[in-house]
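Single-structure report; data block below.
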Amino acid sequence: MSNDKNKNSSKKKRNITRNTKEEKITKEEKGEETINDKEETKNVKIETVDENKTININKHKKLYIVGGCICILLGIIYFSARRYDNLVYPNVELYNEDISKLNEKELENKINDTKAFIGNNTITVKVEDKSYDFKVKDLVKDYNEDKTENEIYDFGRDENFLSQFGLITLGVQRNYQFDLKINEEVLKEKIKDVYKDSEIDTVEPTITSQGDKLSIKEGENGKAIDKKDLNNKIVAAINSSEIGKTTVVINEKYKTTKPKIDVAHLKKVDTKISTATTYYGGTGYNRGLNIDNAANKINNTILMPGEEFSYEEAVSPVELYNGYYMAPVIVNGTHKDAPGGGVCQVSSTLYNAELKAGILPTERYNHSKSVSYVQRGLDATLATGSKNLKFKNTYDYPVYIRAYTVGGQITVEFWSNSSVTKGKKYTPVSFVQGNVANTYLYEYNSKGELVNKTYIDTSIYG
686 MSNDKNKNSS KKKRNITRNT KEEKITKEEK GEETINDKEE TKNVKIETVD
736 ENKTININKH KKLYIVGGCI CILLGIIYFS ARRYDNLVYP NVELYNEDIS
786 KLNEKELENK INDTKAFIGN NTITVKVEDK SYDFKVKDLV KDYNEDKTEN
836 EIYDFGRDEN FLSQFGLITL GVQRNYQFDL KINEEVLKEK IKDVYKDSEI
886 DTVEPTITSQ GDKLSIKEGE NGKAIDKKDL NNKIVAAINS SEIGKTTVVI
936 NEKYKTTKPK IDVAHLKKVD TKISTATTYY GGTGYNRGLN IDNAANKINN
986 TILMPGEEFS YEEAVSPVEL YNGYYMAPVI VNGTHKDAPG GGVCQVSSTL
1036 YNAELKAGIL PTERYNHSKS VSYVQRGLDA TLATGSKNLK FKNTYDYPVY
1086 IRAYTVGGQI TVEFWSNSSV TKGKKYTPVS FVQGNVANTY LYEYNSKGEL
1136 VNKTYIDTSI YG
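Each residue of the sequence shown is one higher than the one before, counting from 686 in the working numbering.
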């Protein structure tokens, strides 16, 4: 039994020894593998470094090439832009004419030539069979050619060379024209002349009378140019590019013009609302002629609602060439002969008819001395340019004024619609004390009762 134990013990020892030897062999093999792995890793690293060096060198070469190309390109761009330092840029036009590559002196000459051409150019206005020519130089007071020249020559100069190159190569087209300043007053007068020469007047409807019977004649349409429209067309033509190349023709059409007065309104005038008469017989032959002449000038006057009447405008100019004669007038309190002596009797008669129609004056002056044909405070003098008789139609219907002379007396009548006075009657009353007269307008109702007093004014005589 002890022998068996010894055998087992020896067997275990041999196994332990064998295992130890095997472990040593394995460790040695593993050590060899580790050394080999390290050597292989070292070789890979060397190869990678070499490849990176090659790649970096290639990158640098490419950067140098690209940088060089950019420099060359910038150089080309820069010197291309510099070529136009003293020249007008490409695709620049003056009144649609190419002026590219002109130098400063050539541009100045071109500007002056264009200005002269435009100034001598003609705008022709045609109105049907009539034609009117206007020289542009007569309508323009300033061409502002220096401003235009500077704008053309300076275009692109303040840009950097890259922007300049873009303007040059991309061909941005620019068309310049003068900044013309038009002489508005001259143009207005030219158009006014065309209007007057070409106009076919309208005929206003009229009222005529024979006794107490009124007759109405209808008006007629006229035709005329539209002055504002023609003005706009001429201005547009002057500022167009065509004016720098050729004569501009404007075809203007007539427009129908209608009478200002609607005949339907005149047909509502049916009643005499006032009348006034003064006498001038025996005051001189020439004076009578003047009274008759002035009466004819205010006869058949039509005042529409709200319209103001001016006696001075109706009878002026009070001169010999306008049908008047030398006759006595009051000047600074004394009598002297002058054209139109007697016209103040017409205005005074008109003033009384106006007041009796219930219409107050907007302007009226008395004589410096009292007159024989009306009471103090009821006269109305005329001094051209300083003293006048004016009044407005305050009614909703037209007022028709009839004036006539017969047998040494002058009569003025006011006509309107029967409803305007509403049955009332008006009487001017003057209260005189010495050389002073205070004038009122009395208003009476249909029963003859005084219902209102209106103060008009105070007259002082010398």
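Even for Gly, the Cβ is constructed at its ideal location relative to N, Cα and C.
query, result
"Inter-residue Cα distance where the pair is I742 and L748", "10 Å"
"Unbroken alpha helix (DSSP H) run spanning Q1030, endpoints", "1028 to 1041"
"Chain-order list of residues whose beta-carbon lies under 6 Å from that of H1020 (same chain, five-residue window excluded)", "P1013"
"Endpoints, alpha helix (DSSP H) assigned at K820", "Segment 815 to 820 is the beta strand (DSSP E) holding K820; no alpha helix (DSSP H) there."
"Range of the contiguous beta strand (DSSP E) that encloses D1022", "1019 to 1024"
"Test: N868 CB closer than 8 Å to a CB of chain D", "Here chain D cannot be found, since the structure has a single protein chain."
"Length-filtered (4 minimum) alpha helix (DSSP H) runs lying within the region 907 to 975", "912 to 923, 948 to 951"
"Inter-residue CB distance, I837 and V773 (contact presumed, cutoff 8 Å)", "6 Å"
"Supposed contact pair Y817 and A980 - C-beta distance, whole angstroms, cut 8 Å", "With a Cβ gap of about 41 Å, A980 and Y817 do not count as contacting."
"Distance between K1054 and S674 (C-alpha atoms, nearest Å)", "Outside the shown range of the chain (686 to 1147) lies residue 674, about which nothing can therefore be said."
"F1116 classed as buried or exposed, judged by whether at least 16 other C-beta atoms fall within 10 angstroms", "exposed"
"Under the three-state DSSP convention, the category Y1125 falls into", "strand"
"DSSP state of K877 mapped onto helix, strand, coil", "helix"
"Residue from V1000, D839, A1038, Y1050 with nearest C-alpha to R1126", "The displayed chain sequence assigns Leu, not Arg, to residue 1126. L1126 has its Cα closest to that of A1038, out of V1000, D839, A1038, Y1050."
"Residue interval of the beta strand (DSSP E) (run including A1068)", "It is not in any beta strand (DSSP E) - A1068 carries neither H nor E in the DSSP assignment."
"Contacting residues, own chain, Cβ-Cβ under 6 Å from G907 (five flanking each side not counted)", "I885, D886, T887, T942"
"Classification of P1083 by the beta-carbon crowding that lies within 10 angstroms, buried from 16 upward", "buried"
"S1103, DSSP secondary structure in three states", "coil"
"Member of L1074, Y1080, T932, M1011 whose CA lies at the smallest distance from the CA of G969", "M1011"
"L1135, DSSP secondary structure in three states", "strand"
"Cut-off 7 Å between Cβ atoms - residues of its own chain near E1004, not counting five sequence neighbours on either side", "P1024"
"Nearest neighbour of A961, chosen from G1043, K898, G973, E992 [CA to CA]", "G1043"
"Closest by C-alpha distance to T1143, when choosing among Y1050, Y1009, K826, Y1111", "Y1050"
"Presumed contact (8 Å Cβ cut-off) between I910 and I901, rounded CB distance", "Contact doesn't hold; Cβ gap of about 30 Å is too wide."
"Proximity below 8 Å, CB of K822 to CB of N805", "yes"
"Reduced DSSP secondary structure (H/G/I, E/B, other) of N792", "What sits at residue 792 in the sequence shown is Leu, not Asn. Helix."
"Buried versus exposed call for D878 [16 or more other C-beta atoms within 10 Å across all chains shown]", "exposed"
"F1076 (DSSP reduced to helix, strand or coil)", "strand"
"As assigned by DSSP and simplified to three states, the class of S883", "helix"
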